[in-house]
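Protein chains in written order, with numbering that gives the first Met the number 0: chain E, 0 to 129; chain G, 0 to 112.
For reference, the structure discussed in these notes is given below.
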Amino acid sequence: MTRAALQRVLYVDDEVDIQEVAAMAIELSGDIKVVTCGSGKEALLRAIEFRPDLILLDVMMPEMDGPTTLAALQRSPDLAMIPVVFITAKAQPAEIQRYRQLGAADVIAKPFDPMALGDRVQSIWAKLRD
Amino acid sequence: MTDSAPGTDDRLAALRARFVARAIEQRAGIAALRDQLAAKTAPAEAFVELRHLCHSLHGAAGTFGFGEISQAADRAETICDEIVARLADGKLEPSAELDAALENLAGLLDRLG
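The structure is reproduced here in structure tokens:
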């Protein structure tokens with residue numbers, strides 16, 4: 000599938016501080032609009048409204064964790080085609096393999112460098128475009 | 000590396016200050032749970048809550064420039080993971096290793112103010 004430039008990112012994380020620094024970092028990397036939300040449940044609603052090109056999804060969230068949220072996205076005909084990248088402190092090789100098997104396009108480890116996150120996201124998007 | 004836009008440094012500084020305030024609160028939460036563990040009055044849920052606090056610090060501290068705190072929280076979280084896994088077998092045991100890891104983490108958080 001040919002994709003255009005990255006323009007819309009949905010960032011999902013139950014920690015507001017991380018939401019804000021990530022949004023700032025990603026928006027710095029290009030003409031990108033970042034919408035943030037704090038739960039998997041909210042992500043399902045926001046994704047319908049916002050139609051992101053890419054979803055960055057925390058793994059450990061209360062009530063509806065990242066993998067559960069990903070599964071719900073995959074069940075939605077409107078949302079299943081949106082690539083999802085997990086962003087998590089649980090990023091050992093075995094965990095990364097498991098996330099990919101669940102259908103994640105990539106994994107970004109926490110803690111991340113806010114001044115490098117934008118480039119990382121752009122790099123992931125470039126690979127998805129190819 | 001992404002270039003900074005005007006105001007980025009100020010925004011980062013504000014977010015960092017907010018993280019510090021939150022980490023100080025989390026330090027209090029960790030201390031309370033550590034006391035419960037020491038008194039052997041901790042319910043199983045305490046380990047889960049402690050793991051969540053450590054996970055939060057592990058994931059956030061390094062992003063805001065506190066790499067040592069992130070690493071210490073990672074160590075404590077890993078030990079909590081092992082204990083929580085044993086809880087599934089119905090075993091709840093005190094852990095000198097966890098106490099040492101929490102003491103180290105608490106000491107680093109104390110330097111925040």
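Quick reminder that beta carbons are idealized off the backbone N, C-alpha and C, glycines included.
Can you confirm whether residue i, when its beta carbon is compared against all beta carbons of chain E, has any partner nearer than 8 Å?
i	result
G:A4	yes
G:G112	no
G:G61	yes
G:G117	With chain G covering 0 to 112 only, the question about residue 117 of chain G has no answer from this structure.
G:T7	yes
G:S94	no
G:R74	no
G:F18	yes
Taking 6 Å as the limit between beta carbons, can you name the residues of its chain near residue i, skipping five residues before and five after?
i	result
E:T1	With a pLDDT of 49 at E:T1, under the threshold of 50, the predicted position of this residue should be treated as unreliable, though the coordinate-derived value follows. Here the set comprises nothing.
E:A88	K109
E:P66	L101
G:E44	none
E:L72	L78
G:G61	S69
Taking the alpha-carbon of residue i as reference, which of the options has the nearest alpha-carbon?
i	options	result
G:G58	G:Q70, G:L108, G:A100	G:Q70
G:T77	G:G66, G:A87, G:F63, G:L49	G:L49
G:L108	G:C79, G:G66, G:A84	G:G66
E:L56	E:D30, E:V106, E:Q73, E:P92	E:V106
E:I81	E:P92, E:A115, E:A93, E:L127	E:L127
G:F63	G:A4, G:D9, G:D80	G:D9
G:A87	G:I68, G:F46, G:D73, G:L52	G:F46
E:E94	E:P113, E:M59, E:L27	E:M59
G:G112	G:F18, G:A4, G:P5	G:F18
E:F49	E:Y10, E:L116, E:I25	E:Y10
G:A72	G:H51, G:L36, G:L104, G:K39	G:L104
E:S28	G:L14, G:A4, G:R110	G:A4
What residues are listed by DSSP as bridge partners for residue i?
i	result
E:R128	DSSP, once it has assigned bridges, lists no residue as partnering E:R128.
E:T35	E:Y10
E:D105	E:V84
E:D57	E:I86
Are there any heavy atoms of the ligand HEM lying less than 7 Å away from the beta-carbon of residue i, as far as the coordinates show?
i	result
G:A4	In terms of ligand content, the structure shown is empty, and the ligand HEM therefore cannot be addressed.
So that I know if they touch, is there some Cβ in chain G lying closer than 8 Å to that of residue i?
i	result
E:K126	no
E:L53	no
E:L27	yes
E:F85	no
E:M80	no
E:P110	yes
E:I107	no
Cutting at 7 Å between CB atoms, please list the residues of its own chain near residue i, excluding the five before and the five after it.
i	result
E:W124	L5, L53
G:L101	I29, R33, A75
E:R119	I107
E:V20	P113
How many angstroms separate the CA atom of residue i from the CA atom of residue j?
i	j	result
G:E79	G:L56	Residue identity check: residue 79 of chain G is Cys in the sequence provided, not Glu. Rounded to the nearest angstrom, the two C-alpha atoms are 14 Å apart.
E:V84	E:A103	6 Å
E:P92	E:I86	14 Å
E:I25	G:D98	38 Å
E:V8	E:G117	11 Å
G:A13	G:T7	10 Å
E:R74	G:G106	46 Å
E:D30	E:S122	15 Å
E:G47	E:V34	Residue identity differs from the one stated: residue 47 of chain E is Ile in this sequence, not Gly. Computed Cα separation, rounded: 12 Å.
G:C53	E:A3	39 Å
G:A95	G:P42	17 Å
Short of 8 Å in beta carbon distance, which residues of its chain neighbour residue i, apart from the five on each side in sequence? Order them along the chain.
i	result
E:P61	D13, S38
E:K32	Q6, R7, V8, E26
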